[in-house]
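Heads up: take any position in the sequence shown, counting from 1, add 183, and you land on our numbering.
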Amino acid sequence: MKKLFVCKVNYTQPFEQVEQFLAEHRAYLALGYNNGKLLASGPRNPKDGGLIIGRFDTKDEVLAFAKDDPFCIHGVALYEIIEFEAVLHADCLHSFFNT
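Listed below in structure tokens is the structure:
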């Protein structure tokens, strides 16, 4: 069974620098959505980082995903990885959690 993770993305540079890599970062996330790994993502408010919710086979897999994010490659953000178990969830998420 796949494990669920919340990735807390913390900007390490001013948003003006982060913004330079935003399109590249979102294109990278689109790959995660296309391969069924990601459920949701977006910026935090205030814009000091973002959150990504996804499912991966192992923590090593999510760490590799984080390492390859353009934000991390360009040194404008760091990931904090939190594994969790979704004991309850909305019916509309059943197929995501059980495939």
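Ideal placement from N, C-alpha and C gives every residue a C-beta, glycine not left out.
Decide if residue i is buried, meaning its Cβ has at least 16 other Cβ atoms within 10 Å, or exposed.
| i | result |
| --- | --- |
| residue 260 | buried |
| residue 252 | buried |
| residue 201 | buried |
So for residue i, helix, strand or coil by DSSP?
| i | result |
| --- | --- |
| residue 259 | coil |
| residue 245 | helix |
| residue 218 | coil |
| residue 186 | strand |
| residue 253 | helix |
| residue 201 | helix |
| residue 269 | coil |
| residue 209 | helix |
Less than 8 Å separating the beta-carbons of residue i and residue j?
| i | j | result |
| --- | --- | --- |
| residue 272 | residue 204 | no |
| residue 314 | residue 242 | Missing from the structure shown is residue 314; the chain here goes from 184 to 282 and no further. |
| residue 239 | residue 208 | no |
| residue 230 | residue 198 | yes |
| residue 248 | residue 219 | no |
| residue 190 | residue 245 | yes |
Compare the C-alpha of residue i against each of the options and name the closest.
| i | options | result |
| --- | --- | --- |
| residue 187 | 221, 194 and 213 | 221 |
| residue 193 | 225, 281, 268 and 211 | 225 |
### Query
How about the segment 271-278 and the segment 225-239: do they share at least three Cβ pairs that are nearer than 8 Å?
No, the segment 271-278 is not in contact with the segment 225-239.
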